[in-house]
Every structure is written in C-alpha cells, then in structure tokens.
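For reference, the structure is listed below as structure tokens.
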Amino acid sequence: DAKTTQPPSMDCAEGRAANLPCNHSTISGNEYVYWYRQIHSQGPQYIIHGLKNNETNEMASLIITEDRKSSTLILPHATLRDTAVYYCIVKGSGGSNYKLTFGKGTLLTVNP
Amino acid sequence: DTGVSQNPRHKITKRGQNVTFRCDPISEHNRLYWYRQTLGQGPEFLTYFQNEAQLEKSRLLSDRFSAERPKGSFSTLEIQRTEQGDSAMYLCASSTDRWDQPQHFGDGTRLSIL
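Here the protein sequences line up with chains A and B, keeping their order. Position in the first sequence (from 1) plus 114 gives the number in our numbering. Position in the second sequence (from 1) plus 2 gives the number in our numbering.
As structure tokens, this is what we get:
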C-alpha cells in the first residue's frame with residue numbers, strides 16, 4: 115500500500131474550517147484514501163473514504179486532487195470535540211487489503 | 003448498529019499471568035481484526051478473521067498470543083505469560099468482506115503489566 119505523509123500537528127479556531135492535508139504521491143489506481151480520527155483513550159473512528167471523486171458526509175468532506183497524489187480532509191465548522199489525532203491511510207485491493215497501516219497522523223487542536 | 007464492543011476496557015495484571023480479551027463485532031460483519039497500539043504510535047495490525055477462519059497473522063503476534071473466533075461471531079485474544087512489553091491498547095475492528103469498505107473500531111482494552 116502507498117505510504118502517506120501528514121503534518122505532525124495543526125491548530126484551528128473553533129467555528130472555523132479545519133483543512134487537514136495528506137500526501138500520497140505513490141498511490142496506485144485501485145487504492146482508496148481513508149480518514150480516521152482518534153480521540154484520547156478511544157478507538158479510531160472512521161470518518162470518510164474515497165477513490166477519486168470528492169466525497170462528503172455528515173462529518174466531513176474529502177477532496178482528492180485530480181492526479182490523486184494528495185488529499186484534504188475538511189471539517190467545515192470545527193468544535194472543541196474535534197480535537198484528535200487524524201490518520202490518512204491508503205489501502206488497495208492487493209495482497210494486504212485486509213489491514214490498515216497507520217502512521218503517526220496529525221494532531222489537530224481546536225482552540226476556543 | 004450497536005458498534006464494536008470490547009471487554010474489559012482496562013486490565014491490570016502481574017507479569018507472567020495470562021489475560022484474555024473479548025471483542026463483539028458489528029453483527030453483520032464477516033471480518034474481524036485485532037490491532038495493538040502503544041503510546042504515541044498508531045495502531046499496528048496483529049491478525050484477522052474471515053468468519054471463523056484466521057487468515058493472517060502479523061509477525062508481531064508471538065507464540066504467546068492466540069486469537070479465536072468460534073462460530074464466526076465474537077473473538078477472544080489471549081496472551082500467555084505476559085511481559086512488560088505487552089502493555090498496550092488492544093483494539094478490535096470489524097468490516098464486511100468487501101475490501102474497500104471501512105473497518106469500524108471498538109474502544110479497545112488497555113493492558114497494564116505490573
């Protein structure tokens with residue numbers, strides 16, 4: 115599976131949009147981009163995933179560049195409860211399609 | 003959808019003791035996964051089941067670790083002769099058997115070895 119690169123930390127003001135970037139320049143054609151977040155002492159929470167089209171759900175929007183080498187997770191109106199570590203993961207249909215490979219993610223701190 | 007349930011949430015034990023954790027997946031999910039997470043790191047894959055069959059095991063899963071999923075429902079993860087290095091959060095996840103569908107995680111069992 116392709117490797118991802120995320121900034122270690124980001125800050126956002128409460129009520130503003132949080133834009134979390136992820137670089138996955140070696141992504142291959144059948145690999146999806148998944149986003150999870152983990153609030154302290156809880157398990158990872160699935161947020162959203164996509165292949166090449168932009169996706170939106172009740173939690174967030176996922177913007178994938180046309181070349182698919184990077185993506186951005188957008189939390190439109192961040193709240194204090196959105197403070198968490200956000201993981202961007204790429205996974206395809208190949209031999210290791212059963213497992214998620216987590217990096218260190220981005221610690222998003224939402225400030226009042 | 004009641005989510006993935008893990009018990010106990012916390013376990014404290016002395017080195018050398020055996021421990022067992024339980025995971026109840028989302029009811030319609032055929033796949034069940036175990037991960038381990040140490041402080042400051044992302045979760046690492048340990049093993050997974052397709053129904054009752056254990057199909058893959060990481061090299062992180064030493065011979066002191068054993069996982070079962072009888073009848074393809076709940077799963078247990080047992081650690082024998084625990085060591086200090088086993089202290090971690092043990093996470094369970096489940097999914098359908100479509101490879102592109104997301105895994106959904108429980109809140110884990112935090113194991114502390116005295």
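Backbone N, C-alpha and C fix where the C-beta goes; we use that ideal spot for every residue, glycine too. If you're wondering where the values come from, they're calculated on a predicted model, not measured in any experiment.
DSSP, read as helix, strand or coil, puts Asp88 of chain B in helix. Closest option to Ile141 of chain A, judged by alpha-carbon separation, among A:Thr118, A:Ile161 and A:Ser123: A:Thr118. Ile115 of chain B and Thr49 of chain B have their alpha carbons spaced roughly 22 Å apart. In the assembly as shown, Pro27 of chain B is a buried residue. Its beta-carbon has 16 or more other beta-carbons within 10 Å. With contacts defined by Cβ atoms closer than 8 Å, Ala198 of chain A and Leu222 of chain A form a contacting pair. Here Arg112 of chain B has His12 and Met91 as same chain residues with Cβ atoms under 6 Å from its own Cβ, once five neighbours each way along the sequence are excluded.
In this structure, the beta-carbon distance from Met124 of chain A to Thr193 of chain A does not fall below 8 Å. Around the C-beta of Gly143 of chain A, fewer than 16 other C-beta atoms lie within 10 Å, and the residue is accordingly described as exposed. Apart from sequence neighbours up to five positions away, the residues of its chain that approach Leu34 of chain B with a beta-carbon distance below 8 Å are Cys25, Pro27, Tyr50, Phe51, Arg71, Ser77, Cys94, Ala95 and Ser96, ordered along the chain. At a C-beta separation below 9 Å, Ser207 of chain A has these neighbours in chain B: Trp101 and Asp102. Only those residues of the region 120 to 146 of chain A whose C-beta falls short of 8 Å from the nearest C-beta of chain B are listed: Tyr146. Only residues of its own chain outside the window of five on either side were considered, and among them Thr186 have a CB closer than 6 Å to the CB of Pro135 of chain A, listed in chain order.
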